[in-house]
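Chemist:
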Amino acid sequence: MTEESAPYGSPRIAAVIGYGAVGTRHSHNLNRLGYAVRTWDTDPARRTVPTLHEALDGATLAVIATPPEFHMAQATAALAMGVPWMLVEKPLALSREEAAPLLGCNTVFVGYCLRFALATQLLPDAIKRIAPVRLVEAVYSERVETRGSWLAACGVVLEYSHILDVLLSVFGMPDTVEAVGAVDPETAVVAALAWGETLGTLRMDFHSPTETRLKIIGDGGVIEWQRDRISGPGCDETVVENPAAWLLHEAQELHSVIKGAISRPARLCTVEQAVDVLRLAERLR
């Protein structure tokens, strides 16, 4: 659907700010859901309108998919222009202090799309089957040169904060955090975590091959979670799922909230939850 197929200012218009790989996927998904999509990017070849103002003007939904250092400025610009709904890619901001102006904005969500992976949705029930949990091992790694050097600008703790969101969603905020990291630039962190009697380790790095996993050890067995599979007592070994579906499911839930089909999102990450991710990131640092 092009913008010409819907009247200007229509609720079916979405502004996608930042039209790289992630912005392109968001645009495609919103198009499938019936939105006319405007795009704005610093690269003129990726724009359908010449200015950020024109992209946001009259839009009902804005998706902020630029590098993290621009998220807050562009999100506050969208709010100032009256855009009623927003999805900001992760991390929400570079710090909790920077994110503070968005606290209480219940029409703004943050793009922690691993929440929408089927393996993640199966994880809470799988953990119940092996409870009580004694040990947790968490890893999120990928060589940054495989994705573009600019991604390293905000450091590994924020760039790979998907794993922090998963840990918080499943176990809550750790009682204690002890971490060491490579800094200037921030390319790796290794941490010991504790949730009461449950002990955990966390490794995040830009140096090793792609790996996203949790190993959860309980009295009733061991659960192993990855983006596309979950194994252990009562689990299928493999979840057949295209990772591109996560962003589509995220867009579908947001669309349902916007339409009023559901009053409360089940999996979308709220601003408050995203600020908790920033809080944990700051403790790791």
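Counting from 1, position 227 in the sequence shown corresponds to residue 226 in numbering that gives the first Met the number 0; the numbering is continuous, with no gaps.
Ideal Cβ positions, reconstructed from N, Cα and C, are used throughout, including at glycine.
(1) With burial defined as no fewer than 16 other Cβ atoms inside 10 Å of the residue's Cβ, what is the status of Thr41: buried or exposed?
(2) Please report the straight-line C-alpha distance between Tyr7 and Asp56, rounded to a whole angstrom.
(3) Take Thr1 and list the residues in its own chain whose beta-carbon comes closer than 8 Å to its own, dropping the five residues that flank it on each side.
(4) Hey, out of Ala92, Ala61, Leu60 and Gly19, whose CA is closest to Arg308's CA?
(5) Considering just the uninterrupted stretch of the alpha helix (DSSP H) at Phe170, what are its terminal residues?
(6) Closer than 6 Å by C-beta to Pro264: which residues in its own chain qualify, once you throw out the five before and the five after it? Chain order, please.
(7) In the DSSP assignment, find the beta strand (DSSP E) that holds Leu86 and state where it starts and stops.
(8) Helix, strand or coil for Thr211, going by three-state DSSP, please let me know.
(9) Indicate whether Val155 and Met203 have their beta-carbon atoms separated by less than 8 Å.
(10) Pick out the complete beta strand (DSSP E) segments inside the region 28-72, 3 residues or longer, and give them in chain order.
(11) Thinking Val48 and Ala54 are a contact (beta carbons under 8 Å), I'd like their distance in whole angstroms, please.
(12) Would you report the Cα separation of Val274 and Thr175, rounded to the nearest angstrom?
(13) Within a Cβ cutoff of 8 Å, which residues of the same chain sit near Ile229, ignoring the five residues on either side of it in sequence?
(14) Going along the chain, which residues of its own chain have a beta-carbon closer than 7 Å to the beta-carbon of Ser168, five neighbours each way excluded?
(15) Does Ile16 pass the burial test, meaning 16 or more other C-beta atoms within 10 Å, or should it be called exposed?
(16) Arg128 to Gly233, Cα distance in whole Å?
(17) Kindly confirm or deny that the region 128-138 and the region 210-218 touch, where touching means at least three C-beta pairs closer than 8 Å.
(18) Who does Glu271 pair with in a DSSP beta bridge?
(19) Counting along the chain, where does the beta strand (DSSP E) carrying Leu134 start and finish?
(20) DSSP state of Ala92, grouped into three classes?
(21) Per the DSSP calculation, Gln251 is bridged to which residue(s)?
(22) Using DSSP with H/G/I as helix, E/B as strand and the rest coil, what is Ala125?
(23) With a threshold of 8 Å, are at least 3 pairs of Cβ atoms found where one atom belongs to the region 84-103 and the other to the region 183-202?
(24) Go ahead and pull the three-state DSSP assignment for Arg228.
Modeler: On the basis of the coordinates in this document:
(1) exposed
(2) Confidence at Tyr7 is low in this model, with a pLDDT of 43, below 50, so its placement is unreliable and no value can be given for it.
(3) Only weak support is given to the placement of Thr1: the predicted model assigns it a pLDDT of 47, under 50, and the value that follows is read from those uncertain coordinates. Around Thr1: Ala35.
(4) Shown here, the chain extends from 0 to 284; a query on residue 308 therefore has no answer.
(5) His161 to Phe170
(6) Glu252 and Val256
(7) Trp84 to Glu88
(8) strand
(9) yes
(10) 35-39 and 60-63
(11) 5 Å
(12) 18 Å
(13) Ala118, Leu121, Leu122, Ala125, Ile222, Glu223, Asp235 and Val238
(14) Arg114
(15) buried
(16) 8 Å
(17) yes
(18) For Glu271, which the question treats as bridged, DSSP gives no partner whatsoever.
(19) Val132 to Ser140
(20) coil
(21) Note: Gln251 sits in no beta bridge, so no partner.
(22) helix
(23) no
(24) strand
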